[in-house]
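Note that the sequence shown covers residues -13 to 587 in the working numbering. Even glycine gets a Cβ: it sits at the ideal position worked out from N, Cα and C. This structure is a prediction, so every number in the text was calculated from the model and none was measured.
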Amino acid sequence: MTSHDIDNIRNFSIVAHIDHGKSTLADRLIQQTGTVAERDMVEQVLDSMDIERERGITIKAQTVRLDYKAKDGKSYILNLMDTPGHVDFAYEVSRSLHACEGSLLVVDASQGVEAQTLANVYQALDAGHEIVPVLNKIDLPAAEPDRIKQQIEDVIGLDASNAVLISAKTGIGIGDVLEAIVTRLPPPKGDENAPLKAGLVDSWYDAYLGVVVLVRVFDGALKKGQKIKMMGTDAHYEVDKIGVFKPKMQDVARLGPGEIGFITAQIKQVADTRVGDTITDEKKSCAEALPGYKPAQPVVFCGLFPVDAADFEDLRAAIGKLRLNDASFSFEMESSAALGFGFRCGFLGLLHLEIIQERLRREFNLDLIATAPSVVYQIKLTNGDEIELHNPADMPDVVKIAEIQEPWIRATIMTPDDYLGAVLKLCQDRRGIQADLNYVGKRAMAIYDLPLNEVVFDFYDRLKSISKGYASFDYHITDYRAGDLVKMSILVNAEPVDALSMLVHRTRAEGRGRQMVEKLKELIPPHMFQVPIQAAIGGKIIARETVRAFRKDVTAKCYGGDATRKRKLLEKQKEGKKKMRQFGRVEIPQEAFIAALKMEE
-13 MTSHDIDNIR NFSIVAHIDH GKSTLADRLI QQTGTVAERD MVEQVLDSMD
37 IERERGITIK AQTVRLDYKA KDGKSYILNL MDTPGHVDFA YEVSRSLHAC
87 EGSLLVVDAS QGVEAQTLAN VYQALDAGHE IVPVLNKIDL PAAEPDRIKQ
137 QIEDVIGLDA SNAVLISAKT GIGIGDVLEA IVTRLPPPKG DENAPLKAGL
187 VDSWYDAYLG VVVLVRVFDG ALKKGQKIKM MGTDAHYEVD KIGVFKPKMQ
237 DVARLGPGEI GFITAQIKQV ADTRVGDTIT DEKKSCAEAL PGYKPAQPVV
287 FCGLFPVDAA DFEDLRAAIG KLRLNDASFS FEMESSAALG FGFRCGFLGL
337 LHLEIIQERL RREFNLDLIA TAPSVVYQIK LTNGDEIELH NPADMPDVVK
387 IAEIQEPWIR ATIMTPDDYL GAVLKLCQDR RGIQADLNYV GKRAMAIYDL
437 PLNEVVFDFY DRLKSISKGY ASFDYHITDY RAGDLVKMSI LVNAEPVDAL
487 SMLVHRTRAE GRGRQMVEKL KELIPPHMFQ VPIQAAIGGK IIARETVRAF
537 RKDVTAKCYG GDATRKRKLL EKQKEGKKKM RQFGRVEIPQ EAFIAALKME
587 E
């Protein structure tokens, strides 16, 4: 490839809210340019995981190279990055955007702008993108393109008068999208003769090739057999294979400036390739590294334990393998008296947690129990030290704690007017502080500051159910604030159950505790002696229920005679029960844990 061809390259990504048709549009573009033969065409070509297909969401960002002959007769190379729309995978989006110069903003012509449309557009604008608005689903009877164009202008401030109208499903307007990409998006900049400078966009593990690295070349060129250096980790490799994705891998001799492709270089594990790192030539390295990305911070932690203790080694191996392909997921070993050995894992959010559990269950046939999700707390001790608390069971003694800080988020919720009252009440109940409330067309946009630990439980589910599925929600973590938080332990037969302890706000502790013990009362089977279930904060019991004992009639064979004979037998039974209760072990069935952790409001 000669250097003047850089003008004929376009790197773009598609940003949109969940379900507005990103992956379907990607399918049509692939089809229209003849990149995949008709017979190999499937729906959502780029979603390779089974889970992605079933749930209809994109989890990993994917890339594909399209060859397009434009109306002006020139041949163009289009590199498309398909990105996830879900808030938990926002870091996947930000990486993909840095590898591109422009974005197609896809908006549903009947639904309009949603919370994550905004979040993703702002990310694209931060990355300095040129943006082409695309209105999808114009074949639907409910589509109102003119109203939505106006809305894009009012809410995002983008000029949408020349938005491309398409229907990705039926293929209307796909040619216009391709023309808009070549005429309205800028070509990449880059110097062929400068030292090699390439960004590491993503990496994953392939059983045959080892680690495959997705790169975007900014300056210079990548060739086969070249010796390269990663600037962040200072590791040196030799390039084995260079190629591009036409969804299937296809080898090329070299990648020049502005191109996106992949390399393999006998890298053993994904941990060696830091996303956002700069790849340069070993001898002739570039002057400074690319700015890189913020590493993804886990926000939700939960313990994963095998149902059968014998599966622990399998779980260890499985988690290690998933970690290879998902650098945002972290884990450490943990043991619990009730559940045995397992791992404390960190996730980006609840959807991420659910996906990882599902993948462990599916791809590795593991039966797992997850403890209650908790967030990371920062604890200031009286001696001036600061520690991070991932597991409520490890909380230090109350007298040593100066203050506990919890993470807060800024949430943007968009909802139709009819459900606004219920949504505001939900935020208020979760200790939310309203920052702003305004109208976007017919929909209300509420901005709230909320403590993250109130959100991780079931906030998203509750929001969807009170708004009949119409509200959309996006958040980012803002800061840590001190809160009046207490550790609530659950005692069964006077012994604490570590897997059920949690940090709660003092005002919510009593309600949560009462809920928990009422639930456990139904779940723990009766024993020969009565079993008290208590919720406690420190030494103070805040709620109690009792599981009744089995009652055996010891006086059945005692007939006639004095009443004292009966009393004597009953006293003897009472003594026996008291003794049993002292030495008896209460077995808490596995179902009880799982059900107790799935708390409803």
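- Rounded to whole angstroms, Lys155 and Gly7 show a C-alpha spacing of 8 Å.
- Excluding residues up to 5 positions away in sequence, Lys213, Ile214, Lys215, His222 lie with their Cβ nearer than 7 Å to the Cβ of Glu268 in the same chain.
- The shortest CA-to-CA distance from Trp394 to any of Glu224, His462, Ile387, Ile246 is the one to His462.
- Annotation for Gln343: Leu290, Leu354, Ala356 place their beta carbon closer than 8 Å to its own, counting only its chain and skipping 5 residues before and after.
- Between Gly157 and Ser96, the alpha-carbon positions lie close to 17 Å from each other.
- According to the DSSP assignment, Val118 belongs to the beta strand (DSSP E) that extends over 116 to 122.
- Shortest Cα-Cα distance from Lys270 to any of Ala180, Gln236, Phe333 involves Ala180.
- Beta-bridge annotation (DSSP): Ala522 is paired with Ser475, Ile527.
- Just so you know, the alpha carbons of Asn377 and Ala522 end up roughly 17 Å apart.
- For Leu66, the closest C-alpha among the options Ile167, Phe204, Val362 is that of Ile167.
- Only exposed fits Thr219, as fewer than 16 other CB atoms lie within 10 angstroms of its CB.
- Apart from sequence neighbours up to five positions away, the residues of its chain that approach Gly196 with a beta-carbon distance below 7 Å are Thr250, Gln252, Ile253, Lys254, ordered along the chain.
- Excluding its 5 nearest sequence neighbours in each direction, Ala85 has C-beta neighbours in its own chain below 7 Å: Asn(-3), Met67, Gly185, Val187, Arg202, Ile246, listed in chain order.
- Counting along the chain, Ala166 sits inside the alpha helix (DSSP H) bounded by residues 160 to 170.
- In the DSSP assignment, Tyr446 falls outside any beta strand (DSSP E) and within the unbroken alpha helix (DSSP H) covering 445 to 452.
- Taking a C-beta distance under 8 Å as the contact criterion, Val384 and Gly335 do not qualify as a contact pair.
- The criterion of a C-beta distance shorter than 8 Å is not satisfied by Pro173 and Ile63.
- With respect to the C-alpha of Glu557, the residue from Glu139, Gly546, Asp539, Tyr545 having the closest C-alpha is Asp539.
- Using a Cβ distance threshold of 8 Å, His491 and Arg417 count as a contacting pair.
- For Pro378, there is no enclosing beta strand (DSSP E), as DSSP marks it with neither H nor E.
- Measuring C-alpha to C-alpha distances from Lys227 to each of Val238, Pro233, Met217 identifies Val238 as the nearest.
- DSSP, reduced to helix, strand and coil, places Val141 within a helical segment of the structure shown.
- Per the coordinates, the alpha-carbon of Ala529 lies some 11 Å from the alpha-carbon of Met474.
- Here the region 113 to 126 lies against the region 87 to 94, with 3 or more beta-carbon pairs under 8 Å apart.
- In this structure, the alpha-carbon of Pro482 lies about 24 Å from that of Ala388.
- Here DSSP, grouped into helix, strand and coil, assigns Thr464 to strand.
- Its chain contains Tyr363, Ile390, Glu392, Leu489, Val490, His491, Arg492 as the residues whose beta carbon lies nearer than 8 Å to that of Leu471, once the 5 sequence neighbours on both sides are disregarded; these appear in chain order.
- DSSP places Asn424 within a strand segment (E or B) once states are collapsed to three.
- Check the Cα spacing between Arg500 and each of Thr532, Asp53, Phe327: the tightest is with Thr532.
- When only Cα atoms are considered, Asp58 and Leu352 end up about 56 Å apart.
- Looking at the DSSP output, Asp267 sits in a beta bridge with Ile214.
- The straight-line gap separating the alpha-carbon atoms of Trp190 and Ile452 is approximately 39 Å.
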